[in-house]
Each structure stands twice: as C-alpha cells, then as structure tokens.
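Student: Have a look at this one before I ask anything.
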Amino acid sequence: MILRLSGPFDLDATLCCGQVFRWERRDDWWLGVVGDDVLRVRQEGDVLEFSGVDEVFIKHYFSLDHDIIKIAEEIGKDGYIKAALRAYWGLRLVRQPPWECLVSFICATYKSVAAICQMLQKLSAKFGEGLSFEGYEYYAFPSADRLAAASLAELESCGLGYRASYVLETAIMVSNGRHDLVSIGRLPYEQAKRALLDFPGVGLKVADCVLLFSLEKTEAFPVDVWVKRILQRYYIDHFDADFARKLATQRGLSDSSYARLNAFGRAYFGAYAGYAQEYLYHYERCFANRKLEKGNRAYAKAKMS
DNA sequence: ATTTGCCCTGGTGT
DNA sequence: AACACCAGGGCAA
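Mapping the first sequence onto this note's numbering, position 226 (from 1) lands on 245, and the numbers just tick up by one.
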C-alpha cells in the first residue's frame, strides 16, 4: 500500500533514535512486529510504502497526526535544538504498545542498544507467539500473563541478568490486573509517573521513557547520560553554579538532580519537551559526536539564543 | 535527604 | 584470539 505523506517524516531517524528496539532493516525495507502484526515499511521522499497493516495503523503508530512544523516552532528555543531539528527533520515519536515498552526500558538499564535488542529478541523468541510473514518467522512480544508464568531461570537465560527479577515481578503485577498500564496512561503526567514508579526496576528515567514512548505524554523529558551531557554542554547557563558543580562531580544522577534537569526540560521546551529530547539525544549521539569537531560545537553554542 | 557500591552480561575495541 | 572495559539505572545499605 502507498501513503503520500502530508507532513515531514523521516522513517530512518524515527526507528534509529533509540525509542524502539525490535525493528530491523532487510534490504531497503524496515521490518517490525507491533502487537500481533508484522509489518514492513519503506520511505522514498514523501511516499511511504507498507504492507501488513492498514493506513490507519501506520498513521497512528508513527504519529503522523502530530504537527511537526508547529511542534518545531514551539520547541525551537535556541540554535542548538534548531540544528538538531534540521539534522533529523521528520523524526517522530512512535506510539508503542505500553507493555512491551515498559519491559524494554526495564531491560535497558546499564545496557547498550545492541544488547537491549538481543535481550528483547530472545524474550520474544522464547515466550512470544510465532508469526510468519512473507516467508520469515517473527515473534510477537510476550504478554504480561506469559512472562508472569515464566520462571526466573528462564528469564535469566534470555540474558536479562539482574533485570530478570524486575521483569518477572512487574509481569506478575500487571498480570494480576491491579496495575493496568492503560489506566495509568489516562492519568495526568505526574500521577502516571508516580504510578509507574511502583514497578520494580522502574526509576525516574525508565518511567519518563514509558510515558513518552507509549503513554503519549509528550511533555515527558527523559534524562539519561546523553541528555545530562547535552544539558551540561549547551544549557548549563540555565542552572546556578552550585548545581553545575554538583552535576560535574557526582558520579551518577541522584533523584533530586534528575528531577531538576527533568523540570528544566519541561519548563523550557514546553508541552512537546519529549520531542526536543528525542531530537537532541539523537543529534548528540549520531551527529554532533562524530561529524562536529570541538570548534563546530563551540560554534553551535555561540549560535544559541 | 544524599551518597556509594553492587548488580549480570554481551558488545565493542584492542 | 582473548581480554579488558563498560554500557541510554535501580536499589539498598
């Protein structure tokens, strides 16, 4: 099927920016499993070609209803974010199934993206329902019920390490029906965040990722080591000297420091702070780090405000 | 209220 | 080839 895009969209950036882990490239197609559907997509200019699902699904999953131009005007507060917007223009948030998203980011702690992909792949192959699509075998992401019935050893065999018990306990909580992700998603941002913190393995950062990537809280602003670095490099003037020194010296990121950086992101970028976070994050990881030398980075900073 | 050490394991670079 | 090194945090002491 063919869909002519009416707004900016960059499929590659959208799938590579660290929000999803179960898409793979085969030739010039992207293949993914979403819920119980296997689908493939490719983009050529303003034409999106796809199969496996209908147009309504594609528009919803890739957030094609979001007005990127308006969002960019709203979050484009300075030269640095504008450069990121330019570099990956058309990057969009994906509306992921909440359960898979929750497990993904519980598994993501202290792991590289490649390792996260592998853990989720093993989990799906071991516990997920088999789905065949155009001659290949795929697996749906296992339900909470299925994972709740798994043993700790089985989960560990998927490479989860100490995350196995977090996933198991979380699966049991969801499976019991006492913690419903859809209901949590209906709460306002702060309340939904508090509710997510009940799950073992879910701290402030994981909660913000789940809120942003699957519960449609576009104001969520996850702060990981990359975002912390970005804020230190380009936005440090927005914080007092004491806090700046604290950020530079403390090893990880305490809850209070997290809360401050997170609050800044939401106050500064506004209702679509999550979009700002994704553009900044992807830009810093893929573009600024490699292609820009220190001189250019200083240049980018000089262009701010 | 904050800080510190530990958690498992696979990917990546040398 | 084998072997450090460490990664997109959370938790408990």
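Where a beta carbon is used, it is the ideal one built from N, C-alpha and C, also for glycine.
Because the structure is a prediction, the values reported are computed rather than measured.
Can you tell which of Cys228, Lys101 and Gln140 has its C-alpha closest to the C-alpha of Thr128?
Tutor: Checking every option, the nearest Cα to that of Thr128 belongs to Cys228.
Student: Does DSSP put Trp108 in a helix, a strand or coil?
Tutor: Residue state, collapsed to three classes: coil.
Student: To the nearest angstrom, report how far apart Val66 and Pro27 are at their CA atoms.
Tutor: So the alpha carbons of these two residues sit roughly 11 Å apart.
Student: Taking only three categories from DSSP, how would you classify Arg23?
Tutor: Three-state DSSP puts Arg23 in a strand.
Student: For the beta strand (DSSP E) that Asp261 lies in, which residues bound it at each end?
Tutor: From DSSP, Asp261 is part of no beta strand (DSSP E) but of the alpha helix (DSSP H) over Ala260 to Thr268.
Student: Which two residues bound the contiguous beta strand (DSSP E) that contains Gln62?
Tutor: Segment Asp56 to Glu63, the beta strand (DSSP E) holding Gln62.
Student: In or out: Leu187 buried (at least 16 other Cβ within 10 Å) or exposed?
Tutor: Answer is buried; the Cβ neighbour count reaches 16.
Student: Flag this pair as touching only if the stretch 277-286 and the stretch 232-247 have three or more C-beta atom pairs under 8 Å; answer yes or no.
Tutor: Enough Cβ pairs lie closer than 8 Å, so yes.
Student: Less than 8 Å between the beta carbons of Tyr363 and Ser143, yes or no?
Tutor: Within the shown structure, residues of the chain are numbered from 20 to 324, placing residue 363 beyond reach of any answer.
Student: Check the DSSP bridge columns for Trp48 and list the partner residues they point to.
Tutor: Answer by DSSP bridge pairing, in chain order: Arg45.
Student: Under three-state DSSP, which class holds Gly98?
Tutor: Three-state DSSP puts Gly98 in a helix.
Student: Buried or exposed: which applies to Arg213, given that a residue is buried once 16 or more other Cβ atoms fall within 10 Å of its Cβ?
Tutor: Per the 10 Å Cβ criterion, exposed.
Student: Please report the residue range of the beta strand (DSSP E) in which Ser123 lies.
Tutor: Here Ser123 belongs to no beta strand (DSSP E); instead the alpha helix (DSSP H) covers Pro117 to Cys126.
Student: Are the stretch 84-91 and the stretch 116-133 touching by the rule of at least three beta carbon pairs closer than 8 Å?
Tutor: With a cut-off of 8 Å, the stretch 116-133 and the stretch 84-91 do not count as touching, because too few Cβ pairs lie within range.
Student: Looking at the structure shown, is Leu30 part of a helix, part of a strand, or coil, going by DSSP?
Tutor: Correct three-state label for Leu30: helix.
Student: Does the stretch 192-201 come close enough to the stretch 97-112 to have 3 or more Cβ pairs within less than 8 Å?
Tutor: Contact between the stretch 192-201 and the stretch 97-112 is absent, because fewer than three Cβ pairs lie under 8 Å.
Student: In this structure, how does DSSP classify Met323 when only helix, strand and coil are distinguished?
Tutor: At Met323, the pLDDT of 33 sits below 50, so the modelled position is not reliable; the number obtained from the coordinates is stated separately. The answer is coil: DSSP assigns Met323 none of H, G, I, E or B.
Student: Apart from the five residues on each side of it in sequence, which residues of its chain come closer than 6 Å, Cβ to Cβ, to Ser324?
Tutor: The predicted position of Ser324 is uncertain, since its pLDDT is 26 and thus under 50; no value can be drawn from it.
Student: For Ser151, write down the residues that DSSP places opposite it in a beta bridge.
Tutor: DSSP, once it has assigned bridges, lists Glu156 as partnering Ser151.
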